[in-house]
Amino acid sequence: LESKQPNLEVVESPEETPGEAPAAPVAEAQFAVFIPFSGIGPDINTTTAGLRTTQGVAEIWTEKEGWQPLGKLAELRVGERIRTLDYSEAVVMFNDGSQMTLAPGTEIEITEMMANKRGEGLRTIVINQLSGSTSHEVDFRNDGGSRYEVLTPSGSGRARGTEFQVNVNPDSQESQFLVTEGRVEVNNPQGTQYVTGGQMSVVQGDEPPGQPYFVIIGEGEVTATGDSWTIGGQTFATNASTVIIGNPQVGDIAAVVGYMLPDGTLVAAVITLLHEAPANQFSLSGEVEMIDTTAWQVAGQSIQVDANTEIAPGIEVGDRVHVRGLVQTDGSLLATEISLIDEGQPFEFVGIVTAIAPGTWTIAGIDVTVDENTEIDDDIEIGDLVRAEGYIIDGSWLATEISLVDDGENQFELTGIVENMDPWYVAGVGLTVDEFTLIDDGIAVGDEVVATGRILADGSWLASEIHLRESNEHTFSFIGVVDSIDPWVVSGTEILTDEETEIDDDIEVGSLVRVSGIILDDGALLAREIEDLEATSGTSGCFTLTTVVVSVSGNQLNVAGLPPLTLGDDDGFPTGITSNTTITITICMNEDGSITVITIIIIIVPPPPGSEPPPGNGGGDDDDDDDDDHGGGRVTICHKGRNTITVSANAVPAHQAHGDTIGACGSGGDDDDDHGDDD
1270 LESKQPNLEV
1280 VESPEETPGE
1290 APAAPVAEAQ
1300 FAVFIPFSGI
1310 GPDINTTTAG
1320 LRTTQGVAEI
1330 WTEKEGWQPL
1340 GKLAELRVGE
1350 RIRTLDYSEA
1360 VVMFNDGSQM
1370 TLAPGTEIEI
1380 TEMMANKRGE
1390 GLRTIVINQL
1400 SGSTSHEVDF
1410 RNDGGSRYEV
1420 LTPSGSGRAR
1430 GTEFQVNVNP
1440 DSQESQFLVT
1450 EGRVEVNNPQ
1460 GTQYVTGGQM
1470 SVVQGDEPPG
1480 QPYFVIIGEG
1490 EVTATGDSWT
1500 IGGQTFATNA
1510 STVIIGNPQV
1520 GDIAAVVGYM
1530 LPDGTLVAAV
1540 ITLLHEAPAN
1550 QFSLSGEVEM
1560 IDTTAWQVAG
1570 QSIQVDANTE
1580 IAPGIEVGDR
1590 VHVRGLVQTD
1600 GSLLATEISL
1610 IDEGQPFEFV
1620 GIVTAIAPGT
1630 WTIAGIDVTV
1640 DENTEIDDDI
1650 EIGDLVRAEG
1660 YIIDGSWLAT
1670 EISLVDDGEN
1680 QFELTGIVEN
1690 MDPWYVAGVG
1700 LTVDEFTLID
1710 DGIAVGDEVV
1720 ATGRILADGS
1730 WLASEIHLRE
1740 SNEHTFSFIG
1750 VVDSIDPWVV
1760 SGTEILTDEE
1770 TEIDDDIEVG
1780 SLVRVSGIIL
1790 DDGALLAREI
1800 EDLEATSGTS
1810 GCFTLTTVVV
1820 SVSGNQLNVA
1830 GLPPLTLGDD
1840 DGFPTGITSN
1850 TTITITICMN
1860 EDGSITVITI
1870 IIIIVPPPPG
1880 SEPPPGNGGG
1890 DDDDDDDDDH
1900 GGGRVTICHK
1910 GRNTITVSAN
1920 AVPAHQAHGD
1930 TIGACGSGGD
1940 DDDDHGDDD
């Protein structure tokens, strides 16, 4: 197994407290950005917390009326039960500065609360989590008596200054405690485990808390499903507690969070669909020139249709349409959908109903106008999942139809003006894009576009395609595999290039690329951009794993959970890597079975044999100084491509999973140019 030159960085290693597991990084919980209440809304004090519903609907239980919706801002007190519905999220802020985020489908009760700030007395916050997933950022305390604890049906987790996540399956009564930074004491009557950053413990029924396991995160193409899944070239076992979101299928792109058993087996905790199979998909807009039962001609391109092609009614020759479909193995184009480009600004999306008032409904956070012409299904209530269709007129979303839908039908389509592109905002809606989003070349702020995609479980809108609605040119974009470079052929389709075509470096035959451009009058495809979608050619998926070095021999590194890794002769090792060193390693699995090492970070260097660790700092904030160190050293990273910040080493993999890079912004570290080079 060969590697490109990795970026090797040694992180200051903390001394360990005897008997504790070494600290290690983990996938960072998806903490919401919380806007302080700042005098508006709830009164936060030692016995009252503030809640902000950031997506969808949060509800509170009342003895008289059962579950009732809360407003965007609410006050919470001891004894109150709250829950979030599907596609919903809420954030709770405590007086001491601690924060809890409730993911979709979560139910909790605050059982004790005396949230004193530092220097004002002991802090006590106890939360009973009945189901779902919560993420916690706990204000550090080292006063010997403060308590922040999450109770679950099978055990509890107590922290003093920590970031961690708790998942509860109400059916199996299993709980998972996943620590991002610091340390959590997980216990029940049968035993206790100390879980540090980069680890998770599983607690099942009446069993003692499970030993901490290292966590693995990543994403890639799904190539096998069932009892075992293969994602990005890595095989993950599943069990009754594995949560699968979005029904990923073979060929789709999925994200996975899991853990590694002592024997090296990887177990998936959560698998989430990100994109339906992106390879060999195409998108084009143009005028209809011919319509036949098995084939259409659009903008000079022959488009096959079959019984599964969804065709909007009323389309005639001369109409301007948008076509989506698949590039088949012989290079021909098969349409899966043909839609008419409307004169108005149509929208269609799925979301949770959060408010119903005369003339206005709120769905997925969007105020939708209804009138006597709006067709509305009977018996729709707040909290229901619905599909809203209509037109945006002078900035108002006017619904023509609102209908109930089944969970899982979470696509959206909207037409509107591009208000911002970093991040993307279209018609007032924030959109997430990634390397698999098909985006027309030349889009600028102020352009009118059509955006389609999927609404994820957390309520965010992930775009699969953004294309210009009106253009003097016919446009196309698709993702495929490079068959030839001179001339360019991608997935069997010939592509023209000229001096204005932007082509990423290091693209070679076999690379997965996104091609976008214009359709010439003779039907030829002229590329404006050919973009490499892989950090390395032929990569099927990338992962960040915290693990322990088994042995080092020359330039060969043996680590738990991976095949032997051979670094190039000029790569070298950072000083201090020995057996039992804890490292975080980012790798990409290549389609030929080889592994490319992207980054190695040393987290813990074991003390020399026979030496005693010095007193005091043991990591996880268990020293005698009020320094909130959490152990693990500090690392400089480029956050969101524009902000240079310093974080705990334990949090590095989480930031990498979100697209952050090691090193200051603009320094060129950790491949921050998004190309598959060695930097």
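Take 1270 as the starting number for the sequence shown in my numbering and just add one per residue. Cβ coordinates follow ideal geometry from the N, Cα and C atoms, glycine included.
Assuming residue i contacts residue j (C-beta within less than 8 Å), just tell me the rounded distance between them.
{"i": "Gly1502", "j": "Thr1541", "result": "Their Cβ separation, rounded to whole angstroms, is 18 Å, which puts Gly1502 and Thr1541 out of contact at 8 Å."}
{"i": "Asp1355", "j": "Ile1635", "result": "Between Ile1635 and Asp1355 the Cβ distance is about 17 Å, and since that is not below 8 Å, they are no contact."}
{"i": "Glu1344", "j": "Gln1337", "result": "About 14 Å; that fails the 8 Å criterion."}
{"i": "Met1382", "j": "Ala1318", "result": "7 Å"}
{"i": "Gly1721", "j": "Ser1729", "result": "What sits at residue 1721 in the sequence shown is Thr, not Gly. Actually they are not in contact, since the Cβ atoms of Thr1721 and Ser1729 sit about 15 Å apart, beyond 8 Å."}
{"i": "Val1526", "j": "Ile1500", "result": "With a Cβ gap of about 11 Å, Val1526 and Ile1500 do not count as contacting."}
{"i": "Val1360", "j": "Thr1323", "result": "6 Å"}
{"i": "Glu1488", "j": "Gly1862", "result": "Incorrect: roughly 19 Å between the Cβ atoms, too far for contact."}
{"i": "Ser1753", "j": "Val1778", "result": "7 Å"}
{"i": "Arg1403", "j": "Gln1434", "result": "The question names Arg, but residue 1403 in the sequence shown is Thr. With a Cβ gap of about 7 Å, Thr1403 and Gln1434 count as contacting."}
On the DSSP letters alone, give me the boundaries of the beta strand (DSSP E) that residue i sits inside.
{"i": "Thr1403", "result": "1392-1406"}
{"i": "Glu1488", "result": "1482-1493"}
{"i": "Val1526", "result": "1522-1529"}
{"i": "Arg1352", "result": "1350-1353"}
{"i": "Tyr1356", "result": "Taken as a continuous stretch (DSSP letters only), Tyr1356 belongs to no beta strand (DSSP E), as it is neither H nor E."}
{"i": "Pro1338", "result": "1335-1338"}
{"i": "Glu1378", "result": "1376-1384"}
{"i": "Glu1558", "result": "1550-1560"}
{"i": "Thr1684", "result": "1680-1690"}
{"i": "Gln1368", "result": "1368-1371"}
{"i": "Ile1661", "result": "1654-1662"}
{"i": "Arg1321", "result": "1318-1324"}
Leaving out five residues before and five after residue i in sequence, what residues of the same chain have Cβ atoms less than 8 Å from its Cβ?
{"i": "Ile1788", "result": "Leu1553, Gly1555, Ala1568, Gly1569, Gln1570, Glu1742, His1743, Thr1744, Phe1745, Leu1794, Leu1795"}
{"i": "Tyr1694", "result": "Val1687, Glu1688, Leu1700"}
{"i": "Val1472", "result": "Thr1421, Ser1423, Gly1424, Glu1443, Ser1444, Gln1445, Phe1446, Val1455, Asn1457, Pro1478, Gly1479"}
{"i": "Gln1518", "result": "Val1491, Thr1494, Glu1545, Ala1546"}
In its own chain, which residues sit with a C-beta less than 6 Å from the C-beta of residue i, not counting the 5 before and 5 after it?
{"i": "Ala1668", "result": "Val1637, Val1639, Thr1643, Ala1657, Gly1659"}
{"i": "Ser1400", "result": "Glu1376, Val1437, Pro1439"}
{"i": "Val1326", "result": "Pro1338, Leu1354, Ser1357, Ile1621, Thr1623, Gly1652"}
{"i": "Thr1511", "result": "Ala1537"}
{"i": "Arg1416", "result": "Thr1393"}
{"i": "Glu1579", "result": "Glu1606"}
{"i": "Pro1615", "result": "Tyr1660, Thr1684"}
{"i": "Gln1398", "result": "Ile1377, Val1419, Thr1421, Val1435, Val1437"}
What residues match up with residue i in a beta bridge as DSSP calls it?
{"i": "Thr1629", "result": "Ala1626, Thr1638"}
{"i": "Tyr1463", "result": "Glu1454"}
{"i": "Asp1801", "result": "Val1782"}
{"i": "Ala1604", "result": "Gly1594"}
{"i": "Ser1425", "result": "Leu1420, Asn1456"}
{"i": "Gly1792", "result": "BP columns for Gly1792 are empty, so no partner."}
{"i": "Ala1538", "result": "Beta-bridge pairing links Ala1538 to no other residue."}
{"i": "Glu1443", "result": "Asn1438, Gln1473"}
{"i": "Ser1820", "result": "Asn1827"}
{"i": "Ser1571", "result": "Gln1566"}
{"i": "Glu1734", "result": "Leu1707, Thr1721"}
{"i": "Gly1810", "result": "Gly1489, Met1858"}
Judging by CA-CA distance, which residue of the options is the nearest neighbour of residue i?
{"i": "Thr1762", "options": "Gly1401, Gln1597, Ser1497", "result": "Gln1597"}
{"i": "Gly1697", "options": "Ser1665, Asp1709, Thr1562, Asp1703", "result": "Ser1665"}
{"i": "Leu1802", "options": "Val1784, Thr1353, Gly1533, Glu1443", "result": "Val1784"}
{"i": "Thr1706", "options": "Thr1847, Leu1731, Tyr1528", "result": "Leu1731"}
{"i": "Gly1390", "options": "Pro1373, Gly1413, Thr1403, Leu1371", "result": "Gly1413"}
{"i": "Trp1565", "options": "Ser1608, Ser1729, Asp1475, Ile1799", "result": "Ser1608"}
{"i": "Phe1681", "options": "Leu1530, Asp1703, Thr1492, Ala1633", "result": "Ala1633"}
{"i": "Thr1370", "options": "Glu1432, Gln1825, Ile1625", "result": "Glu1432"}
{"i": "Val1655", "options": "Ala1581, Thr1631, Val1448", "result": "Thr1631"}
{"i": "Asp1599", "options": "Asn1577, Ser1760, Met1362", "result": "Ser1760"}
{"i": "Arg1797", "options": "Ala1829, Ile1776, Ile1764, Val1818", "result": "Ile1764"}
{"i": "Asp1675", "options": "Ile1662, Gly1685, Ile1649", "result": "Ile1649"}
{"i": "Leu1603", "options": "Gln1614, Thr1684, Ile1572", "result": "Ile1572"}
{"i": "Arg1321", "options": "Met1362, Arg1350, Gly1466, Thr1816", "result": "Met1362"}
{"i": "Phe1812", "options": "Cys1857, Asn1849, Thr1563", "result": "Cys1857"}
Does any residue of chain D bring its CB to less than 8 Å from the CB of residue i?
{"i": "Gln1445", "result": "Annotation note: the requested chain D is absent from the structure, which comprises a single protein chain."}
Looking only at its own chain, which residues have a Cβ that is under 7 Å from the Cβ of residue i, when we skip the five neighbours before and after it?
{"i": "Leu1737", "result": "Asp1709, Ile1712, Asp1716, Val1718, Thr1744"}
{"i": "Met1690", "result": "Val1714"}
{"i": "Asp1521", "result": "Val1491, Leu1542, His1544, Glu1545, Ala1546"}
{"i": "Asn1679", "result": "Val1619, Arg1723, Ile1724"}
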